[in-house]
Structures are given as C-alpha cells and as structure tokens.
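Q: Just dropping this structure here.
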Amino acid sequence: MRPLVVFLLLNETVEMLDEVLHIFYPRICAGCDALLAEGEREICRDCIVSFDRFSDAEAADRAVKNVFMHNFAAGDIPQKAVTLYRFHKNDRLRKVIHAMKYEGVYRLGSLFGTLLAEMIGGSLIAGHCDCIVPVPLHKLKVIERTYNQSEIIARSLGAALGKDVRVDLVTRTKYTESQAGLSPRERLRNVGNAFAPSGNAVPENILLVDDVLTTGSTVAAVMQSLKSAGASNISLATIALAA
Ligand SMILES: [Zn+2]
C-alpha cells in the first residue's frame, strides 16, 4: 500500500477516536483557538462567517480568470475555475491556511474539499472532468511536511464528486525557493521547468487542485506540463484567491 493510503486509513481511525477523545481533550478552532462546539469541524462558526466568501461559482470563476488573463497568455487560462474565498493579509483564513499547510492540521484540507464539492455541485466542471489532479509538491517538501495539502483537498473533493484522483500524471522535478519579489511572468519562467509529465497516459479533461492562488504561475506551469502530455481541458479548484 502507498504511504498516503495507509495515512488516510489511519486518519479514518484517528477521526473516530477523536470523537471519543473530544470529551476529554476538547478540539479548538484553527482560526481563533476557541473551543469547537458540537457539529463544528476544525473551524468555528464565527471564523467561517468572517471569511470573505465568493457569492457564487460564477463570481469565483470570473475573479480567478481575471488573475490569469492579467498575468499570462490565453493558452494558460483554466477552462473553468472555482474558489471559495478571497484571502486577505490579516484575516482568520490566513491562520487557518497556515495551520493546514505547515502545522499538520491536514484535516482542514478534507473540510475545504467538501466545501469545494458543494460549490461545484452539478456544474460544468463536474461534467467535464475525467480525473482530479493535485498540484504536486517536491518529494523533499513532502518529507518535510509529511503530506501534500493539495492532495488532501483533492482526495476529499474526489470522494464527494465521485471522481478519480491521479497523482501519477505529473511530478515536481525542481525544488523551488520562495518566489516573493518576482513578477508573474518571471515566476512562470522560474517554475516553468519545475514540473514534468510522468509518462502515463493523461486524460483529456482534468480538474487541477491547488490550495491558495497568488499569481497563478505554479498552476500555469502544471497546466503546461499536463497539456504537453495530452490534456486539452483543464479546470481549476482552489480554496482561496490571494490576489
Ligand atoms: Zn474560530
């Protein structure tokens, strides 16, 4: 069994145990450290309503595409895009995303995957999707963080939409350092050769999953790699838009 499968099976067991342990060791909100009430998952209701959520899937699609249109050529724009929130520098969502990526609160990824599935619903994205592909992390980063948060989101989204998740189509071959201070096109050049197709047959319609979208350069680079291997329609799902 692959390590992630073992990890997810363990996760199921841990979640059941967690329900019991919650009585003795109460869970806290990843956004504000308040005690979670019954029925709340990882984030309290106050924090959830404080997030700047897109009103509907169309508004989210327009906002994400604007980022790509502003930064890249027409061929680098996703077919359809979905995102849940606008990400602001000092909001509670920032703390939540940080906890998900760097502090081991991987279950947040499962929660966001479920919320993304609800927003996607029966839309065009779900209809035109052969499989879901998470943006890969470099293997050294997976060792460092123990999991790829985009894969956790993708697994939860895939389970909710009934779609396969493929982590064997594209790999991250280059360990890229922080891209702060670079323009979007410089970032794309920088990460442009950081991804490579794995050599497996790539389906035509792909839903790519990333955590937070900033300039879109990482996503554009993964899209170029998947397209070079045969994908023709690539849509995008992310938790938040940082632009
Ligand atoms: Zn909270």
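Just so we're aligned: 217 in my numbering is position 159 of the sequence shown, and the numbers increase by one with no gaps anywhere.
Each residue gets a CB set at the ideal place from its N, CA and C atoms; glycine is no exception.
For Ile86, write down the residues that DSSP places opposite it in a beta bridge.
A: Leu93
Q: What are the boundary residues of the beta strand (DSSP E) that Pro266 is part of?
A: The amino acid at residue 266 is misidentified as Pro; the sequence shows Leu. Run containing Leu266: Asn263 to Leu271, per the beta strand (DSSP E) assignment.
Q: Under 7 Å between the Cβ atoms of Ser173 and Leu195?
A: The sequence as given places Leu at residue 173; Ser does not occur at that position. Cβ atoms of Leu173 and Leu195: not closer than 7 Å.
Q: Closer than 7 Å is what we want: which residues have a beta carbon that near any heavy atom of ligand 1? List them in chain order.
A: Every residue whose beta carbon comes nearer than 7 Å to a heavy atom of ligand 1 appears here in chain order: Cys87, Gly89, Cys90, Ala92, Ile101, Cys102, Asp104, Cys105 and Arg150.
Q: Give me, in chain order, the residues of the same chain whose beta-carbon lies closer than 6 Å to that of Glu161; leave out the 5 immediate sequence neighbours on both sides.
A: Cβ within range, chain order: n/a, list empty.
Q: Give a yes or no on whether the C-beta atoms belonging to Pro136 and Leu294 are separated by under 7 Å.
A: yes
Q: Which residues in the same chain have their Cβ closer than 6 Å to the Cβ of Ala118, if we skip the five residues on either side of it in sequence?
A: Phe112, Val140 and Thr141
Q: Look up Phe253 in the DSSP assignment and give the residues it is bridged to.
A: Arg230
Q: Return the CA-CA distance between Asp114 and Met177, expressed in angstroms with no decimal places.
A: 7 Å
Q: Could you tell me the alpha carbon to alpha carbon distance between Ala121 and Asp268, rounded to whole angstroms?
A: 16 Å
Q: Three or more C-beta pairs closer than 8 Å, one from the segment 272–282 and one from the segment 197–206: is that the case here?
A: no
Q: Which one of Val72, Asp104 and Phe170 has the shortest CA to CA distance from Glu209?
A: Phe170
Q: Would DSSP call Ser208 helix, strand or coil?
A: helix
Q: Assuming the contact rule is C-beta atoms closer than 8 Å, Ile190 and Leu265 should be a hit. Round their C-beta distance to whole Å, please.
A: 5 Å
Q: Using a Cβ-Cβ cutoff of less than 6 Å, which residues in the same chain neighbour Phe109 once the five nearest sequence positions on both sides are dropped?
A: Tyr143 and Leu151
Q: Name, in chain order, the residues that DSSP records as bridge partners for Asp222.
A: Cys189
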